[in-house]
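J.:
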Amino acid sequence: MATYNLTAPLTKEDTKKLKAGDVVYLSGVLYTARDAAHKRLVELLEKGEELPFPIEGSVIYFVGPTPPKPGDPIGSAGPTTSYRMDSYSPTMLKHGSLGMIGKGKRNQAVKDACVKYGGIYFGATGGAGALLGKKIKEAEVIAYPELGPEAVRRIVVEDFPVTVINDTYGNDLYEMGREQFEVKE
Amino acid sequence: MREVEYNDIVNAVKNMIKVTATNLPEDTLKALEEALETEKSEVAKEVIKQLLENAKIARDEERPLCQDTGLAVFFVKLGADVRIKGGLLKDALNQATKEAYEEAYLRPSTCEPFSRANLKDTLGYNLPAIIHLDIVEGDKIDIEYAAKGGGSENVSRAKVLPPAAGKEGVIEFVKEVISDAGGNPCPPITVGVGIGGTFEKAAISSKHALFRDVGTKNPDPEMDELEQIILEEVNKLGIGAMGMGGTKTALAVHIESNPCHIASLPVSVNVQCHSSRHAHITI
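From first to last, the protein sequence lines stand for chains A and B. All residue numbers for the first sequence refer to this note's numbering, where the first residue is 1 and numbers rise by one. All residue numbers for the second sequence refer to this note's numbering, where the first residue is 1001 and numbers rise by one.
1. Could you list the residues in the stretch 50 to 68 of chain A with a C-beta less than 9 Å from some C-beta on chain B, going in chain order?
2. Which chain B residues sit within Cβ distance under 8 Å of E182/A?
3. Which residue marks the beginning of the beta strand (DSSP E) containing K137/A, and which one marks its end?
4. Hey, could you find the ends of the beta strand (DSSP E) P90/A is sitting in?
5. In this structure, what does DSSP give as the bridge partners for K17/A?
6. Let's test the definition: count the other Cβ atoms within 10 Å of the Cβ of M1001/B and tell me whether it reaches 16, buried, or not, exposed.
7. Between which residues of its own chain and L45/A is the CB-CB distance below 6 Å, once the five residues before and five after are set aside?
8. Report the neighbours of I1057/B on chain A: residues whose CB is nearer than 7 Å to its CB, in chain order.
9. What does a CB cutoff of less than 6 Å around A151/A pick up in its chain, not counting 5 residues either side in sequence?
10. Determine the burial state of A113/A: buried for a count of at least 16 other Cβ atoms within 10 Å of its Cβ, exposed for fewer.
11. When you compare the CB of M1244/B with every CB in chain A, is at least one pair closer than 9 Å?
12. Since P149/A meets chain B, which of its residues come closer than 7 Å, beta carbon to beta carbon?
13. Could you round the C-beta distance between L1078/B and T1110/B to whole angstroms and report it? I think they count as a contact, below 8 Å.
14. Is the stretch 1159 to 1174 of chain B touching the stretch 1016 to 1029 of chain B, taking contact as three or more C-beta pairs under 8 Å?
15. Could you tell me the boundaries of the beta strand (DSSP E) in which G1197/B lies?
16. What three-state label does DSSP hand N1184/B in the structure shown?
17. Can you look up L1127/B in the DSSP assignment and give me helix, strand or coil?
18. Who are the neighbours of N1154/B on chain A, taking C-beta pairs under 8 Å?
19. By alpha-carbon positions, which one of N1270/B, H1280/B and D1213/B ends up nearest to L1032/B?
20. Under the rule that 16 or more other beta-carbon atoms within 10 Å means buried, what is G48/A, buried or exposed?
21. Tell me, please, whether the CB atom of E1168/B is closer than 9 Å to any CB atom in chain A?
22. Between C1273/B and chain A, is there a C-beta pair that is closer than 9 Å?
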């Protein structure tokens, strides 16, 4: 398992070298979206309309942060459970997005889309909201402010720690890890 | 009859909510430190290290431990000899929830079930609180509180087993729930198991079981033994911290058992993530 420092937006050269279990420190620009925002984003894509951010190489962070304290860009900001985005993620990947950050397993359609379109599903540590929030240096709501914590934000991160769960080769760290430690009788 | 001021309840509960959002309780911290010692997976160890570092940042800088600051859940034992001056207990708990969550920059996480509209500007910031009330002897108000996150709640399940299923049936059901959950509920988890009663009694018991401190013993020797058996079985699943594989999937299993109907064996499994934010005050 290797460690990489990468800058988002990503390229297919970046994602091709990553394997399930690798640790990545991400810097650069990410976009936040949960289910309610994904529903709207995918509707736009299906109608052939522009998204509120450039989708090419984009990394989407599944998060609904706490409100920022005065002077902070954002509050606590750890990942939310990703399966709720399973029905939307393949469309996002098909249109050029290359990364997702969340927690918990994805369905086969998402794993297949990662292989087909060169995308990566990264896991961040759920419940480490204070630590992860501090890695976010700038945050700005760019769409759907009425969704509150679920609005789409453009965030700038520095050395944001994630682990590759699903890579472009069809590997799944959750299955590999469990296989290694499960005690079978 | 002892008189307690409504505002005194509001202030005490507000303080408890704010402190709990940023301070991981001692029992959970200790359990995570022990898990770091015994965990065999290097990947899972790294996750647990991040959780301990997160707890330190949250405490030192007063930042919420997790962005999911939960729904406010209360179990209250109200002494029959208490009279609350100036308002109702339920209103005091809701007011404390609304004010604490808003003042401490915690997330408003309540919404309409279908439109998903946030309730912060209509019903009130993070309202309603979930309140379980019991009237007991005495002149005190005993309030247990937890900030209950959604990820671990989403994998929780209840079922009424046939009596013949027995202990084996309960063990298998808990294993099935935790196995299906994988990394989604943010392990290492605490598993609350409610046994017996009726369908809803089992569910409420499984919730209340999560309020007990990790590391404490079940006073019922039979249930204590069952807790140890289930814990061992769950940790054989190999799920590990955040589901990345490991030997510490659960920190503890807590059981609350009740008498039940001769025809039924209800069982409920309520899961608590590693960020087990719970507290207790007596007024």
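Using N, Cα and C, we set each Cβ at its ideal position, and we do this for glycine too.
T.: Inspection of the coordinates gives the following:
1. V63, G64, P65, T66, P67 and P68
2. Residue 182/A sits at position 182 when you count from the first residue of the first sequence. Result: K1236, L1237 and G1238.
3. In the first sequence, residue 137/A corresponds to position 137, counting from 1. Segment I136 to A143, the beta strand (DSSP E) holding K137/A.
4. Walking along the first sequence from the start, residue 90/A turns up at place 90. Per DSSP, P90/A belongs to no beta strand (DSSP E); it is in the alpha helix (DSSP H), S89 to K94.
5. Within the first sequence, residue 17/A is the residue found at index 17, counting from 1. DSSP, once it has assigned bridges, lists no residue as partnering K17/A.
6. Numbered from 1 along the second sequence, position 1 holds the residue referred to as residue 1001/B. Exposed, since its Cβ has fewer than 16 Cβ neighbours within 10 Å.
7. Counting from one through the first sequence, the residue named residue 45/A turns up at place 45. Taken in chain order, the residues that qualify are T91 and H95.
8. Within the second sequence, the letter at position 57 stands for residue 1057/B. The contacting residues are A130, L131 and K134.
9. On the first sequence, residue 151/A is found 151 positions in, with the first residue counted as 1. Result list for A151/A: V141, Y144 and P145, in chain order.
10. If you number the first sequence from 1, residue 113/A lands on position 113. A113/A is buried by the Cβ-count criterion.
11. Along the second sequence, read from residue 1 onward, the residue named residue 1244/B stands at position 244. Judged by the 9 Å Cβ criterion, M1244/B is in contact with chain A.
12. Locating residue 149/A in the first sequence gives position 149, counting from the first residue. Under the 7 Å cutoff, chain B gives R1107.
13. To locate residue 1078/B, count along the second sequence from 1; it is residue 78. To locate residue 1110/B, count along the second sequence from 1; it is residue 110. L1078/B to T1110/B, Cβ: 24 Å. No contact.
14. no
15. The residue given as residue 1197/B occupies position 197 in the second sequence. Note, G1197/B: beta strand (DSSP E), I1189 to G1197.
16. Start at 1 with the first residue of the second sequence, and residue 1184/B comes out as number 184. Coil.
17. As a working mapping, residue 1127/B is identified with position 127 in the second sequence. Coil.
18. Reading the second sequence from its first residue, position 154 is the one you call residue 1154/B. Within 8 Å Cβ-Cβ: T81.
19. The sequence position of residue 1032/B within the second sequence is 32, counting from 1. Considering only alpha carbons, the answer is D1213/B.
20. Counted from its first residue, the first sequence places residue 48/A at position 48. With fewer than 16 Cβ atoms within 10 Å of its Cβ, G48/A is classed as exposed.
21. The sequence position of residue 1168/B within the second sequence is 168, counting from 1. No, no contact with chain A.
22. Here residue 1273/B refers to the residue found at position 273 of the second sequence. Yes, C1273/B lies at the interface with chain A (some Cβ there is under 9 Å from its Cβ).
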